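Accompanying notes for the structure given below.
There are 2 protein chains.
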Amino acid sequence: MLTDPDVAASYARDQTFLEPGKPLCAVAAQTRDDVVATMRWATEHRVPVVPRGAGTGLAGGATAVEGCVMLSLARMTEIRELSPADEIAVVEPGVITADLDRAARAHGLMYAPDPSSYEISTIGGNLATNAGGLRCVKYGVTRDSTLGLEVVLADGRLLTTGRRTMKGVTGYDLTGLFVGSEGTLGVITSATLRLRRAPAAPPVTVAAEFPSQRAAGDAVAAIVAAGCRPSLLELMDRNTLKAIDDWKNIGLDAGVQAMLIAQSEGELPGSADAMARLCEANGASFVAMSSSPEEADELIGLRRLAYTAKERLGACLVEDVCVPRSVLPDMITIIEETAARHDTLICTVAHAGDGNLHPVFIFDRGLSEPPANVWAAADEVFRAALRLGGTLTGEHGVGLLKRRWLGLESGPVVSEVQQKIKQVFDPLGILNPGKAI
Amino acid sequence: MLTDPDVAASYARDQTFLEPGKPLCAVAAQTRDDVVATMRWATEHRVPVVPRGAGTGLAGGATAVEGCVMLSLARMTEIRELSPADEIAVVEPGVITADLDRAARAHGLMYAPDPSSYEISTIGGNLATNAGGLRCVKYGVTRDSTLGLEVVLADGRLLTTGRRTMKGVTGYDLTGLFVGSEGTLGVITSATLRLRRAPAAPPVTVAAEFPSQRAAGDAVAAIVAAGCRPSLLELMDRNTLKAIDDWKNIGLDAGVQAMLIAQSEGELPGSADAMARLCEANGASFVAMSSSPEEADELIGLRRLAYTAKERLGACLVEDVCVPRSVLPDMITIIEETAARHDTLICTVAHAGDGNLHPVFIFDRGLSEPPANVWAAADEVFRAALRLGGTLTGEHGVGLLKRRWLGLESGPVVSEVQQKIKQVFDPLGILNPGKAI
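Residue numbers (the UniProt record's numbering), protein chains in the order written: chain A, 1 to 437; chain B, 1 to 437.
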């Protein structure tokens, strides 16, 4: 238990600009029993608890509320079991996502979900937000890799959900309910995760530069419609590329307005060729193909740096809208027009193969919150995504940041039902209050 | 509304031996408004409602309770939308599963979940039980293909869950909660489903005959452990093969104790060869490989007839245990030993690639329920599956049939939480009372 106010305060923020409340203390749990003790005490004294992984969240899901216990799971880092025969792992919530992936690779397996932050984010945080990533266009999101959970409830009781088997329908899907619940229903202390076979051969990587964002978006829609089945399909706009170029000096050409990076793991022969041709047919000014793992790692490494590159420009408001893939070009155009209309710098990256866009609104770091023009631009982008049949958040969660728009997506019946489900698990309302729903 | 007692009674059973209660009437809904009107009336008068698709269930989930309204969704058969660009379909619950698959194939797509009954089962029934099937070893179960739902709640209010996009984490996963809830939380009136690209080339099919069931089970474990990634991996024991042979005269050889059917869709070059070799290495007496779609359809057609072939032998108690795949050979041995010890005829088929076994216990059709030795054998098999780290039901649901074993898998905390979730959606307890949880 860390009661020094400065130390406790160091647990109070995630990656957002949102100003946290002042925590009562932080608890750095090392065992399940530490979590049980914390929750029993919190229930007895009716003190709010904010569970937290590595603090890499982008929606304020782990932002401290006034007088709370910040319950960090980051020290629970054991991979308790890794079974190649059953293709599962049982892990504690503080395991770093990429560490689990590396442990699996030693057996020819992989842990598929790979948020951009996977070298620093934890499995527990990934579970809380149902994190996606670059590979999820092929392998699905965190929920798709979660078979079972051990959860400490608000009152300290233990709940075990799910199973070790590939399938199972005994009772309601409590596992799925906890994944993505942003720490509002319970504290996950162990997860049984599905591993997958790692690809046998290195993927073929396609990189294409476009003279407009719209053209890159059209190429994505064409790739999806042609059934190319990429294992990765990422888009970066010029502002993002420029932020990376300013930092890493990648030699960005003047006319490049967008770049696509695609990969194919070869289950569909000719898929990479087809994607390259579709990029050309949709106006790409330059297309390269490679099956070199080093070149692929370099390109994808740049993509994973995108968020850090943007943080160098100023404070960031990060959106995470997801739209049906056929309207991705429309959404891209709307984002560009919105930036111009509100005189706002927006840098966009997209998990384009899923229709999931991250427009990042840059504003002056000296401000405590975004200025009016940024809020207005953000509002327009959220509303446009919903109008196009999309959703507010593809993989980051609602947290605190998106609560002001929640009512636009979830009607009153959904809202009522979710509040009642929350009451089932947390009748005193002490678990991460004010977040997610 | 069908009030004639004989007509209403014709809606009262599923495929189990379980004796239904006498329904008050049946309602054959043709529109969402029919469902709304039914639920409003049922809430007002506190009358139980049992939702029902095609009645192909194997666990008593759609068995009438005394004095209930049998609410059939089988006439709501419209495919409202099929979008190749977004790879989704929006369908009513009465659509026959294979009809949706065929409609998707016309666009180079497929609807992946394919329970053996898919030519007669409905999407609504598949959603209620989170149905699996033969292809789910590669493509996942019904929940993995469900993006969003429209649900009529117990009081007649409408709830819309989920989304049209590939990803989304706005609020709790209500979609996943309804899938597999066996009609106890609401009545699904529309589903937004994910389609997938159909394989470009016909799969390679491997058929192998074994001199013992254990050897076939060992071959399955070896195929999984070697990472062959089959798109289908089915096992039939001798009793099943004999039931099919007696009916269809397939020329079953005397020494064949089990048959494996495997398919590879070619994303892993050499996978079919590797599976064939692993069958030989594990003692197969005969192995054949073919890329002829006709031969594949014939073999898999036989597999899909397995349940009907068994019904010719007598009344059936169908289990649906699922175990970690590494212990599949052990589970097979236990089933054989149990059959011998209790002098019971058990015919087993398995979605072996998922570790999901269907031991079918045959008993005299003249009896109203299984005799004591069958119950005892069934009990042993369920307990063994749980002891091996498995689950009571992989894809059929709990229904009425498995409630007596539910407490062995779901502890008191899970049970309490599930009852409370039920109360959130159905405070009067009128929706399919006594089922599933």
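Idealized CB from N, CA, C, for every residue including glycine.
Note that the structure is a prediction, hence the values are computed from the model and not measured.
Any C-beta of chain A under 7 Å from that of residue i
i, result
"ASN130(B)", "yes"
"GLN418(B)", "yes"
"CYS347(B)", "no"
"ASP273(B)", "no"
"GLY390(B)", "yes"
"THR192(B)", "no"
"SER264(B)", "no"
"GLU81(B)", "no"
"VAL204(B)", "no"
"GLU298(B)", "no"
"ILE188(B)", "no"
"SER145(B)", "no"
"THR434(B)", "Going by the sequence as given, residue 434(B) is Gly instead of Thr. Chain A contact via Cβ: absent."
Beta-carbon proximity of residue i to residue j, cut-off 7 Å
i, j, result
"THR175(A)", "THR146(A)", "yes"
"residue 439(B)", "LEU386(B)", "Only positions 1 to 437 of chain B appear in the structure, and residue 439(B) is not among them; the question remains open."
"VAL206(B)", "MET275(B)", "yes"
"ASP148(B)", "GLY53(B)", "Rather than Asp, the amino acid found at residue 148(B) in this sequence is Gly. No, Cβ-Cβ distance for GLY148(B) and GLY53(B) is not below 7 Å."
"THR391(A)", "THR170(B)", "yes"
"GLN257(A)", "ARG238(A)", "yes"
"LEU177(A)", "ASP426(B)", "no"
"THR38(A)", "VAL27(A)", "yes"
"THR240(A)", "CYS347(A)", "yes"
"PHE361(B)", "VAL349(B)", "no"
"LEU235(B)", "LEU260(B)", "yes"
"ASP273(A)", "GLY314(A)", "no"
"ILE335(B)", "PRO359(B)", "yes"
"HIS342(B)", "ALA377(B)", "yes"
"PRO93(B)", "LEU109(B)", "no"
"LEU400(A)", "THR63(A)", "yes"
"LEU193(A)", "GLU87(A)", "no"
Burial state of residue i, where buried means 16 or more other Cβ atoms lie within 10 Å
i, result
"ALA112(A)", "buried"
"HIS45(B)", "exposed"
"ASP34(B)", "buried"
"GLN213(A)", "buried"
"ASN432(B)", "buried"
"SER231(B)", "buried"
"GLY60(A)", "buried"
"ARG163(A)", "buried"
"ASN130(B)", "buried"
"ASN249(A)", "exposed"
"GLU209(B)", "buried"
"GLU319(B)", "buried"
"LEU367(A)", "exposed"
"ASP218(A)", "buried"
"LYS22(A)", "exposed"
"PRO5(A)", "exposed"
"GLN423(A)", "exposed"
"SER292(B)", "exposed"
"GLY255(B)", "exposed"
Short CB-CB distance (under 7 Å) between residue i and chain B
i, result
"ASP101(A)", "no"
"LEU235(A)", "no"
"ASP86(A)", "yes"
"SER291(A)", "no"
"ARG197(A)", "yes"
"GLY399(A)", "no"
"VAL381(A)", "no"
"GLY407(A)", "no"
"ILE430(A)", "no"
message = Beta carbons nearer than 8 Å to chain B: which residues of the region 149-181 of chain A have them?
response = LEU153, ARG157, LEU158, LEU159, THR160, THR161, ARG163, ARG164, THR165, MET166, LYS167, GLY168, VAL169, THR170, GLY171, TYR172, ASP173, LEU174, GLY176, LEU177, VAL179, GLY180 and SER181
ask   = Enumerated in chain order, which unbroken segments of the beta strand (DSSP E) with a length of 3 residues or greater are wholly contained in the region 59-110 of chain B?
value = If we require 3 residues or more, the beta strand (DSSP E) runs fully inside the region 59-110 of chain B come out as 69-72, 79-83 and 88-91.
message = Beta carbons nearer than 8 Å to chain B: which residues of the region 303-334 of chain A have them?
response = CYS322, VAL323, PRO324, ARG325 and SER326
request  = Can you give me, in chain order, the residues of the region 355-368 of chain B that have a beta carbon less than 9 Å from any beta carbon in chain A?
outcome  = GLY355 and ASN356
key: Ranges of the beta strand (DSSP E) found wholly within the region 191-274 of chain A, counting only runs of at least 3   = Under the rule that a run must span 3 or more residues, the beta strand (DSSP E) segments found entirely inside the region 191-274 of chain A read 204-210, 232-237 and 258-264.
ask   = When Cβ atoms are compared, which residues of the region 223-255 of chain B fall closer than 8 Å to chain A?
value = VAL224, ALA225, GLY227 and ARG229
ask   = What are the residues of the region 44-72 of chain B that lie near chain A, defined by any Cβ-Cβ distance shorter than 7 Å?
value = none
Every unbroken alpha helix (DSSP H) inside the region 342-400 of chain A [4 residues or more] = Runs of alpha helix (DSSP H) with 4 or more residues, each lying fully within the region 342-400 of chain A, are found at 372-387, listed in chain order.
query = Curious, which full-length alpha helix (DSSP H) runs of at least 4 residues does the region 111-190 of chain A contain?
reply = 123-129, 136-139 and 174-178, all fully within the region 111-190 of chain A.
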